[in-house]
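Take a look at the structure below.
Residue numbers (mature numbering (1 follows the signal peptide of the UniProt record, and there is no 0)): -23 to -1, 1 to 126.
Listed below in structure tokens is the structure:
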């Protein structure tokens, strides 16, 4: 009996020793989940530029932006490699399609597509230090569509 108890304690100690400890559970995404994750990352990085472009278009500070991730007619975030890099001056083009609302009246103003040209650090000689988030961004186009009633 004593040998069985010692053996059981030995096995228990091995189990406890080999249990991996993680501070946070990692997510395992499929291709669609990975695309959504990248879309959210890009959206987080461009929030200030997007808000500024919308405020400049409407000439108001009370404009709210919402994202309709379920609309099958468009993607909230589209990232393309520019075929017209020499004409646009940017190797990447990012389009954001957002629904805009007047914050005071809470009515939808429309669906807007904001297009930015993006040049990563390797294409920008003005960035002296290596900064992974350093990009040159330029507003290329702003398209407004009235809401359907």
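Glycine residues also receive a C-beta, built at the ideal position from the N, C-alpha and C atoms.
Asked                                                                                                                                                                : Found
Excluding the 5 residues flanking residue 44 on each side, which residues of the same chain have their C-beta closer than 7 Å to its C-beta?                         : 53 and 75
Where are the beta strand (DSSP E) runs, 3 residues long or more, that stay fully inside the region 12 to 91, in chain order?                                        : 40 to 43, 54 to 58 and 69 to 79
Look up residue 96 in the DSSP assignment and say whether it is helix, strand or coil.                                                                               : strand
Measuring only the C-alpha atoms, how far is residue 82 from residue 15?                                                                                             : 33 Å
Pick from 55, 125, 114 and 32: whose alpha carbon is nearest that of residue 88?                                                                                     : 125
Below 9 Å between beta carbons: does that hold for residue 46 and residue 13?                                                                                        : yes
Mind checking whether residue 66 and residue 30 have CB atoms under 9 Å apart?                                                                                       : no
Cα-Cα, which of 50, 48, 51 and 71 is closest to residue 59?                                                                                                          : 71
For residue 120, which residues of its own chain have a beta-carbon under 7 Å away from its beta-carbon, when the five flanking residues on both sides are left out? : 89 and 90
Could you tell me which of 94, 122 and 123 sits nearest to residue 113, measuring between CA atoms?                                                                  : 94
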